[in-house]
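Each protein sequence line maps, in turn, to chains A and B.
Residue numbering for the first sequence follows the working numbering, starting at 351 and increasing by one per position.
Residue numbering for the second sequence follows the working numbering, starting at 3 and increasing by one per position.
Just so it is clear, CB atoms sit at the ideal spot from N, CA and C, and this is done for glycine as well.
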Amino acid sequence: MRKYFIFLLLFFFQLIGCQSEGGPSPQEAVAAPVSQASAQTQGNELDVRLPLEQQSVRFAVIGDSGTGDRPQYEVAQQMELYRQKVGFDFVLMLGDNIYGGHRPKDFLNKFERPYKPLLDAGVKFYAVLGNHDDPNDERLYKPFNMNGERYYTFRKGDVSFFALDRTYMDPNQLEWVEQNLKSSKSKWKISYFHHPLYSDGKSHGPDLDLRARLAPLFKQYGVKAVFSGHEHVYERLKPEDNIYYFILGNSAKLMTHDFKSSQQMEKALDTEQGFMLVEISGDRLHYQTISRRGETVDSGKVEQQSRSSVAAAQAQ
Amino acid sequence: MLLRSIIGSGICMLLASGNLLSQTGENQKQDPILKDFEARVNNYLELRKKEAGSPPRPTNSADKLAQNRSQMAGKVREVRSEAKQGDIFTPEIANYFRHQTSASLSGPNGNKIRASLHHAEPVDGVALKVNEPYPQGMPLQSIPPTLLSTLPRLPKELQYRIVGSNLALHDTASNLIVDFISNAIPTP
Numbered sequence: 351m352r353k354y355f356i357f358l359l360l361f362f363f364q365l366i367g368c369q370s371e372g373g374p375s376p377q378e379a380v381a382a383p384v385s386q387a388s389a390q391t392q393g394n395e396l397d398v399r400l401p402l403e404q405q406s407v408r409f410a411v412i413g414d415s416g417t418g419d420r421p422q423y424e425v426a427q428q429m430e431l432y433r434q435k436v437g438f439d440f441v442l443m444l445g446d447n448i449y450g451g452h453r454p455k456d457f458l459n460k461f462e463r464p465y466k467p468l469l470d471a472g473v474k475f476y477a478v479l480g481n482h483d484d485p486n487d488e489r490l491y492k493p494f495n496m497n498g499e500r501y502y503t504f505r506k507g508d509v510s511f512f513a514l515d516r517t518y519m520d521p522n523q524l525e526w527v528e529q530n531l532k533s534s535k536s537k538w539k540i541s542y543f544h545h546p547l548y549s550d551g552k553s554h555g556p557d558l559d560l561r562a563r564l565a566p567l568f569k570q571y572g573v574k575a576v577f578s579g580h581e582h583v584y585e586r587l588k589p590e591d592n593i594y595y596f597i598l599g600n601s602a603k604l605m606t607h608d609f610k611s612s613q614q615m616e617k618a619l620d621t622e623q624g625f626m627l628v629e630i631s632g633d634r635l636h637y638q639t640i641s642r643r644g645e646t647v648d649s650g651k652v653e654q655q656s657r658s659s660v661a662a663a664q665a666q
Numbered sequence: 003m004l005l006r007s008i009i010g011s012g013i014c015m016l017l018a019s020g021n022l023l024s025q026t027g028e029n030q031k032q033d034p035i036l037k038d039f040e041a042r043v044n045n046y047l048e049l050r051k052k053e054a055g056s057p058p059r060p061t062n063s064a065d066k067l068a069q070n071r072s073q074m075a076g077k078v079r080e081v082r083s084e085a086k087q088g089d090i091f092t093p094e095i096a097n098y099f100r101h102q103t104s105a106s107l108s109g110p111n112g113n114k115i116r117a118s119l120h121h122a123e124p125v126d127g128v129a130l131k132v133n134e135p136y137p138q139g140m141p142l143q144s145i146p147p148t149l150l151s152t153l154p155r156l157p158k159e160l161q162y163r164i165v166g167s168n169l170a171l172h173d174t175a176s177n178l179i180v181d182f183i184s185n186a187i188p189t190p
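Encoded structure:
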């Protein structure tokens with residue numbers, strides 16, 4: 351009888367959300383893969399705003415994710431729920447993948463455990479380095495798919511990805527960026543790195559020196575979308591030179607009320623953690639940004655101008 | 003007078019752009035200070051390779067990563083137990099670096115570089131010691147690309163790191179501070 355009473359009491363506390371502020375222990379999070387946040391989504395139909403076309407390229411994006419705290423686990427749970435529906439098979443990691451130390455238990459608690467369902471499903475992670483990352487251990491850590499390099503490129507369908515190391519943008523890397531962008535024949539060119547070129551965040555703001563170096567290359571060689579983290583918010587900016595800039599530095603960390611007023615901001619979120627889904631098919635890139643509670647906070651599409659339409663526009 | 007001033011400004015701008023001496027290989031090879039720096043860097047890497055072997059390959063095991071680093075750092079620290087500040091950054095080389103950073107920060111891109119430094123979460127309060135590890139868990143301040151472009155290129159095993167007003171030479175595989183220059187980054 352006493353055992354029954356204690357069980358009821360524990361159940362009651364769980365129900366009213368009487369949980370510690372410090373986030374779950376990793377064991378808790380794994381043992382209970384559907385938390386309150388994800389249960390909310392599970393009760394309803396998932397809100398998927400991607401077309402889910404055949405043979406499209408689908409991926410997720412996370413940034414500043416490696417805290418090991420509860421929000422990271424909750425975002426990860428949402429990602430798994432959406433993966434089951436959307437079927438993305440890789441994730442871009444925008445840096446600050448492992449905060450704090452880089453001991454084996456940090457890799458476990460801040461990457462392997464939260465994303466275990468995704469990893470078990472064969473989802474690949476493609477990381478870039480942030481200022482909190484270890485430039486040696488992370489590039490050598492196979493699950494980050496950096497193949498021992500600080501910067502690299504890979505291709506999925508007709509999309510080429512250029513993963514850059516903003517923490518150390520030396521002349522060698524700048525030359526590599528230009529050569530690889532120039533030689534890429536992909537219809538879509540997407541770059542991602544930690545520090546944003548444009549940002550309305552109050553904490554850090556844009557990296558002007560980096561922008562002066564990279565933005566002209568992106569324009570010249572037809573990069574269409576750029577993803578960055580560092581600022582612990584979500585922001586979609588008005589396109590600059592027809593390039594779409596997204597900031598997603600809130601996949602675990604969060605800086606609340608961190609925006610300054612701006613003309614260049616299209617959509618922003620600084621009150622909740624989240625991640626992004628992207629689907630690219632033909633001339634269209636669709637995006638959907640989802641909070642850790644499963645709410646869609648932004649969605650839309652980017653159209654790639656075909657060569658013939660550009661030629662037609664120029665002719666007019 | 004005006005002509006002299008224009009020529010003077012032009013020379014300052016070229017120096018500030020940093021590409022006169024540091025980046026285009028030929029000049030770098032000809033400058034004795036830079037040749038000396040390059041030789042010292044190469045000596046370090048040869049010593050490291052001889053004592054600690056080649057850098058490890060990618061692995062799935064975080065335990066293995068920690069083990070590899072610890073082994074490499076242990077061997078390098080042992081063989082360089084007498085290392086001291088100035089072994090790589092001799093006074094002449096340190097002066098060259100200070101000149102480069104100063105010219106960059108006071109040049110036409112100075113404000114942008116300073117803004118970029120601020121953007122990259124400055125790291126302060128770390129007491130650097132030669133042949134000691136960079137503190138675990140401490141972020142690495144990103145260096146603005148314009149500033150990096152004014153410094154001599156390094157082999158990929160090594161990176162420059164700004165820590166407070168100091169410029170360190172960081173061996174990323176062993177996580178050791180190879181050497182550093184005090185007060186290399188002038189305050190505004």
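Item: Do the stretch 531-548 of chain A and the stretch 419-432 of chain A meet, that is, are 3 or more Cβ pairs less than 8 Å apart?; Value: no
Item: Measuring CB atoms only, is the stretch 110-123 of chain B touching the stretch 153-163 of chain B, in the sense that at least three cross pairs come out at less than 8 Å?; Value: no
Item: Please list, in chain order, the residues of the stretch 547-568 of chain A that have any C-beta partner in chain B closer than 8 Å.; Value: 554, 555, 556, 557, 558, 559, 560, 562 and 563
Item: Looking only at its chain, what residues have a beta carbon closer than 8 Å to the beta carbon of residue 646 of chain A, apart from the 5 residues adjacent to it on each side?; Value: 397, 399, 638, 639 and 640
Item: Can the beta-carbon of residue 539 of chain A be found less than 8 Å from the beta-carbon of residue 571 of chain A?; Value: yes
Item: Tell me the DSSP secondary structure of residue 474 of chain A in three-state form.; Value: strand
Item: Ignoring anything shorter than 3 residues, give me the beta strand (DSSP E) runs that lie fully in the stretch 386-458 of chain A, in order along the chain.; Value: 407-412 and 440-443
Item: Shorter than 8 Å from the beta carbon of residue 504 of chain A to some beta carbon of chain B?; Value: no
Item: Any idea if residue 541 of chain A is buried or exposed, counting beta-carbon neighbours within 10 angstroms, 16 or more meaning buried?; Value: buried
Item: If you draw a straight line from the alpha carbon of residue 550 of chain A to that of residue 34 of chain B, how long is it in whole angstroms?; Value: 46 Å
Item: From this set, B:57, B:86, B:61 and B:88, which residue's C-alpha is nearest residue 73 of chain B's C-alpha?; Value: B:57
Item: If you measure from the beta carbon of residue 104 of chain B to each beta carbon in chain A, is any gap under 8 Å?; Value: no
Item: Helix, strand or coil: which one does DSSP assign to residue 512 of chain A?; Value: strand
Item: Around the Cβ of residue 460 of chain A, are there at least 16 other Cβ atoms within 10 angstroms (buried) or fewer (exposed)?; Value: buried
Item: Classify residue 177 of chain B: buried if its beta carbon has 16 or more other beta carbons within 10 angstroms, exposed otherwise.; Value: buried
Item: Can you list, in chain order, the residues of its chain with a C-beta nearer than 6 Å to that of residue 49 of chain B? Leave out the 5 residues immediately preceding and following it.; Value: none
Item: Express the C-alpha separation of residue 508 of chain A and residue 537 of chain A in angstroms, rounding to a whole number.; Value: 6 Å
Item: Taking C-alpha atoms, which residue in A:395, A:463, A:440 and A:451 lies nearest to residue 420 of chain A?; Value: A:463
Item: So for residue 494 of chain A, helix, strand or coil by DSSP?; Value: helix
Item: Using 8 Å as the Cβ pair cut-off and three pairs as the minimum, do the stretch 408-416 of chain A and the stretch 568-582 of chain A touch?; Value: yes
Item: Could you check which residue in B:161, B:131, B:183 and B:96 has the C-alpha nearest to that of residue 85 of chain B?; Value: B:131
Item: Which of helix, strand or coil does DSSP assign to residue 43 of chain B?; Value: helix
Item: For the putative contact between residue 624 of chain A and residue 584 of chain A, defined by C-beta atoms under 8 Å, what is the C-beta separation to the nearest angstrom?; Value: 6 Å
Item: For residue 615 of chain A, which of A:648, A:633 and A:602 has the nearest alpha-carbon?; Value: A:648
Item: Establish whether the CB of residue 447 of chain A and some CB of chain B are separated by less than 8 Å.; Value: no
Item: Is residue 519 of chain A close to chain B? Criterion is C-beta to C-beta, closer than 8 Å.; Value: yes
Item: For residue 140 of chain B, which residues does DSSP report across the bridge?; Value: Looking at the DSSP assignment, residue 140 of chain B forms no beta bridge with any residue, so it has no partner.
Item: Under 8 Å, CB to CB, which of the residues in the stretch 166-183 of chain B have a partner in chain A?; Value: 174, 175 and 177
Item: Using only CA atoms, which one of B:166, B:189, B:167 and B:40 lies nearest to residue 92 of chain B?; Value: B:40
Item: Please classify residue 189 of chain B: is it buried, with 16 or more other beta-carbons within 10 angstroms of its beta-carbon, or exposed?; Value: exposed
Item: Quick one: what's residue 116 of chain B bridged to in DSSP?; Value: For residue 116 of chain B, which the question treats as bridged, DSSP gives no partner whatsoever.
Item: Using the Cβ count rule (16 or more neighbours within 10 Å means buried), how would you classify residue 566 of chain A?; Value: exposed
Item: Which class does residue 654 of chain A belong to by DSSP, given the choice of helix, strand or coil?; Value: coil
Item: In this structure, how does DSSP classify residue 638 of chain A when only helix, strand and coil are distinguished?; Value: strand
Item: Do residue 479 of chain A and residue 545 of chain A have their beta-carbon atoms positioned less than 8 Å apart in this structure?; Value: no
Item: Please list the terminal residues of the continuous alpha helix (DSSP H) segment that includes residue 101 of chain B.; Value: 93-108
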